[in-house]
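J.: One structure coming up, written as structure tokens, with questions to follow.
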Amino acid sequence: MTKLLKKVINKIRMLPNADQDAMATLILEKFLDKQQWDTAFIHSQEKRGQPAEKACGDNHPEILDISEHADWNATVENAERISNHIKKLIESSRVQEARKIVSAIRPGVSAKLDYWKKVLTEPVAKVGEPGTGGDMRKDILWFEKNADNYKGKWVALKNGVLLGSHKSRAELRHNLKQSGKLARSLFIRVEN
Amino acid sequence: MESEIALLDTGAEWSVIGGETAILLEEQLGSPIESSRMSTRLGLIDGFLHHVNITLLAGQNSGDNLTVESTVFVSEEWEGPLVLGYRGFLEKIRFALDPGVVPGEQIFYFGLAE
Chain Y
1 MTKLLKKVIN KIRMLPNADQ DAMATLILEK FLDKQQWDTA FIHSQEKRGQ
51 PAEKACGDNH PEILDISEHA DWNATVENAE RISNHIKKLI ESSRVQEARK
101 IVSAIRPGVS AKLDYWKKVL TEPVAKVGEP GTGGDMRKDI LWFEKNADNY
151 KGKWVALKNG VLLGSHKSRA ELRHNLKQSG KLARSLFIRV EN
Chain S
1 MESEIALLDT GAEWSVIGGE TAILLEEQLG SPIESSRMST RLGLIDGFLH
51 HVNITLLAGQ NSGDNLTVES TVFVSEEWEG PLVLGYRGFL EKIRFALDPG
101 VVPGEQIFYF GLAE
């Protein structure tokens, strides 16, 4: 333990018990935030109230490997903080770490955590009906020959034939639907 | 139902749907609880992650369609093409690309990973 930390703890010792617990909670929150949840783990409800010096000791009894606990006790109180951390991981392209965290959280703790659990689910592929796609080769050839004339617009093609074009995808879709030409059409937006 | 061309980008963190398509989709899916931010070649964009089904259409007599329960990033700010990215989509299918020799010969192969 450093001299500075000893000094802080000695000052905290002088406070009333309730204030000591409040300081311990604050220190724990800062410590766990610093760990950035890579191997951090919020202490379970059974372990709350322990003195900060014990919780932050060398063996880190409060820091547990998430993967070892299938039934992680995320609570309403810490759900917002966990959700924010997950969001930061996702925005930092650390999706696998975020997935590991949410996999250990039981459903129903909070709407935000349930949302993260849903969108972080690994994709599932299923074989469908026999191919219903058209032959795009003619469409691609048309596009490469004529795209320059439709810059900034959406074009709809089918078997190499232009069905329509419009600046608005919604408008083009509406027009084709009205004329019965929407089915199996291919929409492409021509970049400016 | 119509189909749309997408840009295959194994380097994209998520699949991305932008512009008018994003507006249409968000109306159907509603606004999720949390927003996200994504770094793209066009800069940082704000949007939402949605859990949607994406179907890859095989050509007739060329195999079967493949539907993937995916996670995509939907953002009106994205002005580029529809992107098929790695997380939430490509990571759990098998795919290969034959760039072809002449225009119109490109072939994208896809199938189940397991």
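Read top to bottom, the protein sequences are chains Y and S.
For the first sequence, the working numbering begins at 1 and goes up steadily by one.
For the second sequence, the working numbering begins at 1 and goes up steadily by one.
Glycine included, every Cβ here is placed at the ideal spot set by N, Cα and C.
Predicted, not measured: the structure shown is a model, and the values here were computed from it.
Is the separation between the beta-carbon of P99/S and that of I140/Y shorter than 8 Å?
T.: For P99/S and I140/Y, no; Cβs fall outside 8 Å.
J.: Under 8 Å, CB to CB, which of the residues in the segment 91-106 of chain Y have a partner in chain S?
T.: Against chain S - using a Cβ distance shorter than 8 Å - the residues of the segment 91-106 of chain Y are E91, S93, V95.
J.: With 8 Å as the threshold, decide whether the Cβ of Y115/Y is near any Cβ in chain S.
T.: Yes - at least one Cβ of chain S is within 8 Å of the one on Y115/Y.
J.: Does DSSP classify G59/S as helix, strand or coil?
T.: G59/S: strand per DSSP, three-state reduction.
J.: By how many angstroms is the C-alpha of F48/S removed from the C-alpha of W142/Y?
T.: For W142/Y and F48/S, the distance between alpha carbons rounds to 34 Å.
J.: Once you ignore the five residues that flank V102/Y on each side, which residues in its own chain have a CB closer than 6 Å to its CB?
T.: So the list reads W116, K117, L120, once near-sequence residues are dropped.
J.: Rounded to whole angstroms, what is the Cα-Cα separation between E119/S and L28/Y?
T.: Only positions 1 to 114 of chain S appear in the structure, and residue 119/S is not among them; the question remains open.
J.: Give a yes or no on whether 8 Å exceeds the smallest Cβ distance from E80/Y to chain S.
T.: Output row for E80/Y: interface = no.
J.: Within a Cβ cutoff of 7 Å, which residues of the same chain sit near V124/Y, ignoring the five residues on either side of it in sequence?
T.: For V124/Y, where only same-chain residues beyond five positions count, there are no Cβ hits under 7 Å.
J.: What distance in whole Å lies between the Cβ atoms of L186/Y and K158/Y, which are believed to be in contact at a cut-off of 8 Å?
T.: With a Cβ gap of about 7 Å, K158/Y and L186/Y count as contacting.
J.: The alpha helix (DSSP H) with L25/S in it runs from where to where?
T.: Counting along the chain, the alpha helix (DSSP H) containing L25/S begins and ends at 19-29.
J.: Determine, using beta carbons only, whether L57/S and G111/S come nearer to each other than 8 Å.
T.: No, Cβ-Cβ distance for L57/S and G111/S is not below 8 Å.
J.: Just verifying my parser: in three-state terms, what is the DSSP assignment at N159/Y?
T.: DSSP places N159/Y in coil when its eight states are reduced to three.
J.: Tell me the residue span of the beta strand (DSSP E) that contains E69/S.
T.: Run containing E69/S: 64-75, per the beta strand (DSSP E) assignment.
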